[in-house]
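Structure first, commentary second.
In the numbering used here, the protein residues as written are 1 to 444.
Below, the structure is given as structure tokens:
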């Protein structure tokens, strides 16, 4: 099958087209790989991508409707992960025709999974201060350096790598965005265990790893522009009101998981039972106050005025975020934009997570102090609580709630971007944008 090439269809018409397509194409006896081939090449895996890049050019809200309809129909959703969320839109925007056909096609059809090799021990909030080095060697680059907080690296076929290719120009000008093979000698992935007991993140060490010229996205030393596209999609995708995207929650994309040859129908579960996931790992992101309302009833505190006020506030914050997403959709449909909205959505999600944590622990009471770090412990706690899974989820979410204000750009960075790029406030004084990176003072 070939990629879709169609005029943009939105709303109810889009849903009707999808429903007709699913009736013709969904077959639970297909392998996961064969089903994702159909879904991806028809433009349904990543419908926000342009039609020239295996998408349909629709908004995130409409893409959310596509994901919901696939689930309602009873078909396996699109391959999830950072490839669909970040790599595909970046390559679609900055890559060549050949790179789109080579990389994006394998993403939307689930053939390869991706991770994001951006942050470093000394370059997190100041990402442009990265020191991972890529040195030209014939028609390849040799990469040496360390990355950290890399989600899903242990399961990734490919990585979105930012590396410095020129140390003698200002720091933003000497960075290159690479698509690098993660399954090669010289790349060492080490999981990081978090206080929740999970290992969603990794540190990655690169020693003489190699990436070809055809893996350069957006041009050598021009990677900062591509990186900003990646980060914008990350913030929009993680922000409150983003609407979510399709995802094969039970099936793992890429070659490492070993699930592409299995029967697609074996991974289908009812939509309401599907956990939200990102990059193949649990993604604890409440969509509203519904879960906490139910927990409050279970705990008998649903009439407590403080709890009710907290639930009302949480519901209101989610509704404001949803309306902001709809507002942005309408503005973009008329050819405009709302500067800083992705950053506002990211900040809103941080606030929602903090409120969910504080309110949830208040509702859970003493049970909120209990947490298990392995499957056996989780079963034991569930039995002690009378099988109250909602409390177990609440304690996990509470430990996880510290992460969203940090990953994808800290809250402080989001405020800086809004101030400087949306409100036009002056940047902090400094000469790091004009002084060669090799001449800038370094920590330690």
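Backbone N, C-alpha and C fix where the C-beta goes; we use that ideal spot for every residue, glycine too.
Since the model is a prediction, treat every value here as computed from it, not as a measurement.
Euclidean distance between Cα positions of residue 76 and residue 267:
Residue numbering aside, residue 76 sits at position 76 when the chain shown is read from its first letter. Residue numbering aside, residue 267 sits at position 267 when the chain shown is read from its first letter. Going by the C-alpha atoms only, they are around 7 Å apart.
Should residue 200 and residue 125 be called a contact, given that it needs their Cβ atoms to be closer than 9 Å?
Your numbering for residue 200 matches position 200 in the chain shown. Your numbering for residue 125 matches position 125 in the chain shown. It is not a contact, given that the beta carbons lie outside the stated cut-off.
Under 8 Å by Cβ, that's how I've got residue 61 and residue 326 pegged, so tell me the actual separation to the nearest angstrom.
Position 61 of the chain shown, counting from 1, holds the residue named residue 61. Position 326 of the chain shown, counting from 1, holds the residue named residue 326. Confirmed, about 7 Å.
Going by DSSP, which residues form a beta bridge with residue 123?
Position 123 of the chain shown, counted from the first residue, corresponds to residue 123. The partner list for residue 123 (beta bridge, DSSP) reads 120.
Same chain only: Cβ atoms within 8 Å of residue 273, ignoring 5 sequence neighbours per side
Translated into positions along the chain shown, residue 273 becomes position 273. Only weak support is given to the placement of residue 273: the predicted model assigns it a pLDDT of 42, under 50, and the value that follows is read from those uncertain coordinates. Excluding positions up to five away in sequence, the list is empty.
Which of helix, strand or coil does DSSP assign to residue 25?
Position 25 of the chain shown, counting from 1, holds the residue named residue 25. Helix at residue 25.
So what does DSSP say about residue 439, is it helix, strand or coil?
Your numbering for residue 439 matches position 439 in the chain shown. Note: residue 439 maps to helix in three-state DSSP.
Are residue 254 and residue 113 close, meaning C-beta to C-beta below 9 Å?
Position 254 of the chain shown, counted from the first residue, corresponds to residue 254. Position 113 of the chain shown, counted from the first residue, corresponds to residue 113. Yes, the Cβ-Cβ distance between residue 254 and residue 113 is below 9 Å.
Quick check on residue 91: does DSSP put it in helix, strand or coil?
Your numbering for residue 91 matches position 91 in the chain shown. Residue 91 carries a helical assignment under DSSP once its states are collapsed to helix, strand and coil.
In chain order, which continuous runs of the beta strand (DSSP E) of length 3 or greater are located wholly inside the region 42-98?
Qualifying beta strand (DSSP E) stretches: none in this window.
For the candidate residues 138, 137, 155 and 164, whose alpha-carbon lies nearest to that of residue 146?
For the purposes of this step, residue 146 is taken as the residue at position 146 of the chain shown. Selected option, being the one with the closest Cα: 164.
Exposure label - residue 434; buried when at least 16 CB within 10 Å
Within the chain shown, numbered from 1, the residue matching residue 434 stands at position 434. Exposed, by the Cβ-count rule.
Does the Cβ-Cβ distance between residue 122 and residue 131 come in under 9 Å?
One-based indexing of the chain shown puts residue 122 at position 122. One-based indexing of the chain shown puts residue 131 at position 131. A contact, by the Cβ cut-off of 9 Å.
Check residue 179 in the structure and name its three-state DSSP category.
For the purposes of this step, residue 179 is identified with residue 179 of the chain shown, where counting begins at 1. If DSSP states are grouped into helix, strand and coil, residue 179 belongs with the strands.
Compute the distance between the beta-carbons of residue 181 and residue 148, then report whether it is under 9 Å.
The sequence position of residue 181 within the chain shown is 181, counting from 1. The sequence position of residue 148 within the chain shown is 148, counting from 1. The answer is no: Cβ separation not under 9 Å.
For residue 357, does the three-state DSSP call read helix, strand or coil?
Locating residue 357 in the chain shown gives position 357, where the first residue counts as 1. It is helical.
Could you tell me which of 141, 155, 193 and 261 sits nearest to residue 449, measuring between CA atoms?
Residue 449 lies beyond the range of the chain shown here (1 to 444); nothing can be said about it.
Quick one: what's residue 170 bridged to in DSSP?
As a first step, residue 170 is located in the chain shown; it is residue number 170 there, counting from the start. Answer is 436.
Taking all protein chains shown into account, do 16 or more other C-beta atoms lie within 10 angstroms of the C-beta of residue 86, making it buried, or fewer, making it exposed?
Working through the chain shown from its first residue, we reach residue 86 at position 86. Residue 86 should be labelled buried.
Using C-beta distances below 7 Å, list every residue in its chain close to residue 218, excluding the 5 sequence neighbours before and after it, in chain order.
Here residue 218 refers to the residue found at position 218 of the chain shown. Result list for residue 218: 94, 177, 225 and 226, in chain order.
Excluding sequence positions up to five away, which residues of its chain have a Cβ less than 6 Å from the Cβ of residue 296?
For the purposes of this step, residue 296 is taken as the residue at position 296 of the chain shown. Non-local beta-carbon contacts of residue 296 in its own chain, meaning distances under 6 Å to residues more than five positions away in sequence, involve 302, 307 and 363 in chain order.
Residue 379 bridges to which residues according to DSSP?
Here residue 379 refers to the residue found at position 379 when the chain shown is read from its first residue. Its beta-bridge partners do not exist; DSSP assigns none.
Please state if the CB of residue 197 and the CB of residue 108 are separated by a distance shorter than 9 Å.
The sequence position of residue 108 within the chain shown is 108, counting from 1. The sequence position of residue 197 within the chain shown is 197, counting from 1. Not a contact, by the Cβ cut-off of 9 Å.
Does the distance from the CB of residue 291 to the CB of residue 393 come in under 9 Å?
The residue labelled residue 291 in the question sits at position 291 within the chain shown. The residue labelled residue 393 in the question sits at position 393 within the chain shown. Result yes, Cβ atoms of residue 291 and residue 393 sit closer than 9 Å.
Would you mind sorting residue 343 into buried or exposed? The rule is 16 or more other CB atoms within 10 Å of its CB.
Counting from 1 along the chain shown, the entry for residue 343 is found at position 343. Classification of residue 343: buried, given that the 10 Å Cβ count is 16 or more.
Looking at the strands, I want to know which residues DSSP matches up with residue 203.
Position 203 of the chain shown, counted from the start, is the residue given in the question as residue 203. 190, per the DSSP bridge assignment.
Cβ-Cβ separation, residue 89 to residue 36 (assumed contact under 8 Å), whole Å
Position 36 of the chain shown holds residue 36. Position 89 of the chain shown holds residue 89. Their Cβ separation, rounded to whole angstroms, is 18 Å, which puts residue 36 and residue 89 out of contact at 8 Å.
Cβ neighbour criterion (16 or more within 10 Å) applied to residue 57:
Taking the chain shown and counting its residues from 1, the one referred to as residue 57 is at position 57. Buried, since its Cβ has 16 or more Cβ neighbours within 10 Å.
Can you tell me whether residue 144 is helix, strand or coil according to DSSP?
Numbered from 1 along the chain shown, position 144 holds the residue referred to as residue 144. Residue state, collapsed to three classes: strand.
Between the alpha carbons of residue 260 and residue 118, how many angstroms are there, rounded?
Here residue 260 refers to the residue found at position 260 when the chain shown is read from its first residue. Here residue 118 refers to the residue found at position 118 when the chain shown is read from its first residue. The alpha-carbon atoms of residue 260 and residue 118 are separated by roughly 28 Å.
Bridge partners for residue 31 per DSSP, in chain order?
Against the chain shown, residue 31 aligns to sequence position 31. Partner(s): 263.
Validate contact between the region 334-348 and the region 367-385 using beta carbons, cut 8 Å, 3 pairs
Segments in contact, no.
beta-carbon residue 304 near the ligand ADP non-hydrogen atom, thresh 8 Å:
Judged by which ligands are present, the structure shown has none, so any question about the ligand ADP falls away.
Using the C-alpha atoms, what's the distance from residue 179 back to residue 213?
Residue 213 sits at position 213 when you count from the first residue of the chain shown. Residue 179 sits at position 179 when you count from the first residue of the chain shown. Going by the C-alpha atoms only, they are around 10 Å apart.
When you compare only the Cα positions, how much space is there between residue 48 and residue 300?
For this step, residue 48 is matched to residue 48 along the chain shown. For this step, residue 300 is matched to residue 300 along the chain shown. Whole-angstrom Cα-Cα distance: 43 Å.
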